[in-house]
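Everything below concerns the one structure shown next.
Numbering (our numbering), first residue to last: 3 to 226.
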């Protein structure tokens, strides 16, 4: 990110002390300025509706009144130019998938180190996504300029067969199909479906359904 460019950031977290410390750290990183500190989603919405522009919103998932999932959904629907980075102490697969489906561009634990936090903020600001589970051979592509990212995305798509793409999208569908239901919809035996799963997971070093969802949004296989 150019040193002369300062991006407006929001910190949305109900823990006042943590919110203040995080805001101070962001201001010290260089290239960012916290313009909104909100204790829940409704406070954030009010600030934005009053005309405050936010490039990146750091959103705690667990808050009273209007939680992080609702806040991220609101951002996706009403402020598509703002990128949301989900923040939580509990990084469960369920939370990751739910946050990504709501519209989050990335997912971080609250106890993350400063360097990883800056890396996440930089990638969300410049690339639109942060994927800290992506395999190394893909991660270096994401750090390259946008034109190279587009080439890398094409290569990812080229590695997937039509049936693997169908498997990918059904497994990640908001209907939350089980593998048995996916097999029925694809009209294949469960053993055949397991073959698709193993092939996709092996090609991209994916370890879980959450990793599959993150990978899908990052490389444009799933539409945000």
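Glycine is no exception: its CB is placed at the ideal position from the N, C-alpha and C atoms.
Q. Does the beta-carbon distance from residue 11 to residue 36 come in below 8 Å?
A. As a working mapping, residue 11 is identified with position 9 in the chain shown. As a working mapping, residue 36 is identified with position 34 in the chain shown. Taking C-beta atoms as the reference points, residue 11 and residue 36 count as a pair closer than 8 Å.
Q.
I believe residue 70 touches residue 49 by the beta-carbon criterion, under 8 Å. Please report the beta-carbon distance rounded to the nearest angstrom.
A. Walking along the chain shown from the start, residue 70 turns up at place 68. Walking along the chain shown from the start, residue 49 turns up at place 47. Residue 70 to residue 49, Cβ: 16 Å. No contact.
(Q) Give me, in chain order, the residues of the same chain whose beta-carbon lies closer than 6 Å to that of residue 133; leave out the 5 immediate sequence neighbours on both sides. (A) Mapped onto the chain shown, residue 133 falls at position 131. Closer than 6 Å at Cβ, skipping near neighbours: 216, 220.
**Q.** Bounding residues of the beta strand (DSSP E) (the contiguous stretch that carries residue 108)
**A.** On the chain shown, residue 108 is found 106 positions in, with the first residue counted as 1. In the DSSP annotation of this structure, the continuous segment of the beta strand (DSSP E) that includes residue 108 starts and ends at 108-111.
Q) For the alpha helix (DSSP H) that residue 73 lies in, which residues bound it at each end? A) Numbered from its first residue, the chain shown carries residue 73 at position 71. Element bounds for residue 73: 70-80.
Q: Would you list the one or two residues that DSSP bridges to residue 36?
A: If you number the chain shown from 1, residue 36 lands on position 34. Bridge partners of residue 36: 11.
(Q) Considering Cα atoms alone, identify which of 164, 95, 21 is closest to residue 62. (A) The count along the chain shown starts at 1 and reaches residue 62 at position 60. Per the Cα distances, 21.
Q: Using the Cα positions of residue 14 and residue 196, report the straight-line distance between them to the nearest angstrom.
A: What you label residue 14 is simply residue 12 of the chain shown in a count that begins at 1. What you label residue 196 is simply residue 194 of the chain shown in a count that begins at 1. Going by C-alpha positions, residue 14 is about 40 Å away from residue 196.
Q) With C-beta atoms as the reference, is residue 66 less than 8 Å away from residue 42? A) Within the chain shown, residue 66 is the residue found at index 64, counting from 1. Within the chain shown, residue 42 is the residue found at index 40, counting from 1. In contact: residue 66 and residue 42 (Cβ atoms closer than 8 Å).
Q. Over what stretch of residues does the alpha helix (DSSP H) that includes residue 47 continue unbroken?
A. For the purposes of this step, residue 47 is taken as residue 45 along the chain shown, with counting starting at 1. For residue 47, the enclosing alpha helix (DSSP H) begins and ends at 43-51.
Q: Determine, using beta carbons only, whether residue 169 and residue 184 come nearer to each other than 8 Å.
A: The sequence position of residue 169 within the chain shown is 167, counting from 1. The sequence position of residue 184 within the chain shown is 182, counting from 1. A contact, by the Cβ cut-off of 8 Å.
Q. Looking at residue 33 and residue 7, is the spacing between their C-beta atoms short of 8 Å?
A. Locating residue 7 in the chain shown gives position 5, counting from the first residue. Locating residue 33 in the chain shown gives position 31, counting from the first residue. Yes, they are a contact pair.
Q: Note down, in chain order, each residue of its chain lying with its Cβ closer than 6 Å to the Cβ of residue 57, except the 5 sequence neighbours on either side.
A: Working through the chain shown from its first residue, we reach residue 57 at position 55. Counting only Cβ-Cβ distances below 6 Å, and skipping sequence neighbours, we find 9, 10.
Q: Can you say whether residue 163 is buried or exposed, counting buried as having 16 or more other CB atoms within 10 angstroms of its CB?
A: Walking along the chain shown from the start, residue 163 turns up at place 161. Note on residue 163: under 16 other CB atoms within 10 angstroms of its CB, so exposed under the neighbour-count rule.
Q.
Check this for me: beta carbons of residue 172 and residue 187, under 8 Å apart or not?
A. Residue mapping note: residue 172 aligns to position 170 of the chain shown, counting from 1. Residue mapping note: residue 187 aligns to position 185 of the chain shown, counting from 1. Contact flag set, yes.
Q.
Please list the terminal residues of the continuous beta strand (DSSP E) segment that includes residue 223.
A. Mapped onto the chain shown, residue 223 falls at position 221. Looking at the DSSP string, residue 223 is not in any beta strand (DSSP E), and its letter there is neither H nor E.
Q | Bridge-paired residues (DSSP) for residue 85 | A | As a working note, residue 85 is residue 83 in the chain shown. Secondary-structure assignment with DSSP links residue 85 through a beta bridge to 58.
Q. Could you give the residue range of the alpha helix (DSSP H) that holds residue 18?
A. On the chain shown, position 16 is the one that residue 18 refers to. Note, residue 18: alpha helix (DSSP H), 18-31.
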